[in-house]
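Engineer: In full-length UniProt numbering, the protein residues as written are 1 to 312.
(1) By how many angstroms is the C-alpha of residue 219 removed from the C-alpha of residue 243?
(2) Quick one: grab the DSSP three-state call for residue 300.
(3) By the 10 Å Cβ neighbour count, where 16 or more other Cβ atoms means buried, how is residue 178 classified, buried or exposed?
(4) Three or more C-beta pairs closer than 8 Å, one from the segment 264-279 and one from the segment 246-255: is that the case here?
(5) Compare the C-alpha of residue 238 against each of 222, 180, 228 and 253 and name the closest.
(6) Is the segment 162-169 close to the segment 142-150, with three or more CB pairs under 8 Å?
(7) Contact defined as beta carbons within less than 8 Å: I believe residue 314 pairs with residue 216. What is the distance between those atoms, to the nearest angstrom?
(8) If we ignore side chains and look at the alpha-carbon of each, how far apart do residue 259 and residue 65 end up?
(9) What are the uninterrupted segments assigned as beta strand (DSSP E) that are 3 or more residues long and contained completely in the UniProt domain "MucB/RseB N-terminal" (33-190), given in chain order?
(10) Buried or exposed for residue 293, please, with buried defined as at least 16 other CB atoms from any protein chain shown within 10 angstroms of its CB.
(11) If we call anything under 8 Å between Cβ atoms a contact, is residue 210 one with residue 229?
(12) By a C-beta neighbour count over all protein chains shown, 10 Å radius and 16 as the cutoff for buried, is residue 42 buried or exposed?
(13) Name the residue from 290, 254, 298 and 288 whose alpha carbon lies nearest to the alpha carbon of residue 280.
(14) So, using beta-carbon positions, are residue 288 and residue 262 closer together than 8 Å?
(15) Tell me the DSSP bridge mates of residue 276?
(16) What is the DSSP secondary structure of residue 291, reduced to helix, strand or coil?
(17) Taking only three categories from DSSP, how would you classify residue 254?
(18) Near residue 183, which residues of its chain fall below 7 Å by C-beta distance, leaving aside the five closest residues on each side in sequence?
(19) Which residues does DSSP list as the beta-bridge partners of residue 215?
(20) Since residue 223 sits in a beta bridge, which residues does DSSP pair it with?
(21) Considering residue 262, what are the terminal residues of the beta strand (DSSP E) in which it resides?
(22) Provide the residue(s) that pair with residue 269 in DSSP beta bridges, ordered along the chain.
Laid out in structure tokens, this is it:
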């Protein structure tokens, strides 16, 4: 009896999710090209000045934040201020050298797509309806993965500006892992002085070429860049044009590195270890992809120092 009830609850949750998507008037795929709309969203993110209040939900956790975004001389400036709980404020700009942080995904753009990538090979993209968010009419775009190595998305794009006003990250069984949604939003004049970034990471070399390499990556993921954050820490960034994850490699003195994984909403972190001769390293992979995928990437990480020394 308990098993049957559990099955019904699972079906009910999936049915409820689908019902939410289709309760609003539908938009014909013949009338709107979903991929073209996502491309317009990426352009809007890089050119619009806006600010608003939005909510971020995962599980039973709900956070309210204020997000400000300005573009000055082609450079994006952003600020994220938490309005409930402990006071936190995060600022950054789009120029190289900014520190990675917990709000990075939110600040780099809700549902933002790299227009130079062929994400249709890895996601099925379609327009599924429309609704109102923050008092504005949005078009709902469903982005569903074609394999088990990435999550799905439902993205609500403002029909007037193509700005994403709502993003849901969807896991297995149509479970909503995270939800970002604007409660209020307005286009503003540039306020770059108000959200000026005061500091950047130290010892960041944008021309740095890491000797670390992932021997296995999910189909479609490519190295987006690498940085040396300190003499003891390197970072490699990978993306498929929509989802992203980062690999941090830290030099440690002891081989006794804590191994394990943690998840908060759609963000997964896996920690493992690696060795190169007598040197020990802690490997941490963080991103918005399923845990088994991150673990496989971490286990495939190799240092190419031996090959470089042999060639020289």
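Beta carbons: idealized from backbone N, C-alpha and C, even for Gly.
No experiment lies behind these values; they were computed from the predicted model shown.
Structural biologist: The answer reads as follows:
(1) Mapped onto the chain shown, residue 243 falls at position 243. Mapped onto the chain shown, residue 219 falls at position 219. Distance between the alpha carbons of residue 243 and residue 219: 12 Å.
(2) For this step, residue 300 is matched to residue 300 along the chain shown. Three-state result, residue 300: coil.
(3) Taking the chain shown and counting its residues from 1, one reaches residue 178 at position 178. It is buried - the Cβ of residue 178 has at least 16 other Cβ atoms within 10 Å.
(4) yes
(5) For the purposes of this step, residue 238 is taken as the residue at position 238 of the chain shown. Among 222, 180, 228 and 253, the Cα nearest to that of residue 238 belongs to 222.
(6) no
(7) Past the boundaries of the shown model lies residue 314; the chain is included only from 1 to 312, so the question cannot be answered.
(8) Locating residue 259 in the chain shown gives position 259, counting from the first residue. Locating residue 65 in the chain shown gives position 65, counting from the first residue. Answer to the nearest angstrom: the Cα atoms are 32 Å apart.
(9) 50-58, 61-72, 75-82, 89-93, 123-133, 136-145, 152-158, 164-170 and 176-187
(10) As a working mapping, residue 293 is identified with position 293 in the chain shown. With 16 or more Cβ atoms within 10 Å of its Cβ, residue 293 is classed as buried.
(11) Working through the chain shown from its first residue, we reach residue 210 at position 210. Working through the chain shown from its first residue, we reach residue 229 at position 229. In this structure, residue 229 does not lie closer than 8 Å to residue 210 by Cβ.
(12) Indexing the chain shown from 1 puts residue 42 at position 42. Buried, because 16 or more other Cβ atoms sit within 10 Å of the Cβ of residue 42.
(13) For this step, residue 280 is matched to residue 280 along the chain shown. Proximity to residue 280 across 290, 254, 298 and 288 peaks at 254, based on C-alpha coordinates.
(14) For the purposes of this step, residue 288 is taken as the residue at position 288 of the chain shown. For the purposes of this step, residue 262 is taken as the residue at position 262 of the chain shown. No, the Cβ-Cβ distance between residue 288 and residue 262 is not below 8 Å.
(15) Along the chain shown, read from residue 1 onward, the residue named residue 276 stands at position 276. Note: residue 276 sits in a beta bridge opposite 279.
(16) Position 291 of the chain shown, counted from the start, is the residue given in the question as residue 291. Residue state, collapsed to three classes: helix.
(17) Taking the first residue of the chain shown as position 1, residue 254 is located at position 254. Note: residue 254 maps to coil in three-state DSSP.
(18) In the chain shown, residue 183 corresponds to position 183, counting from 1. Within the same chain, residue 183 has close Cβ partners 53, 54, 55 and 134.
(19) Taking the first residue of the chain shown as position 1, residue 215 is located at position 215. According to DSSP, residue 215 bridges with nothing at all.
(20) As a working note, residue 223 is residue 223 in the chain shown. Looking at the DSSP output, residue 223 shares a beta bridge with 238.
(21) Taking the chain shown and counting its residues from 1, one reaches residue 262 at position 262. Start and end: 260-264.
(22) Numbered from its first residue, the chain shown carries residue 269 at position 269. Note: residue 269 sits in a beta bridge opposite 262 and 286.
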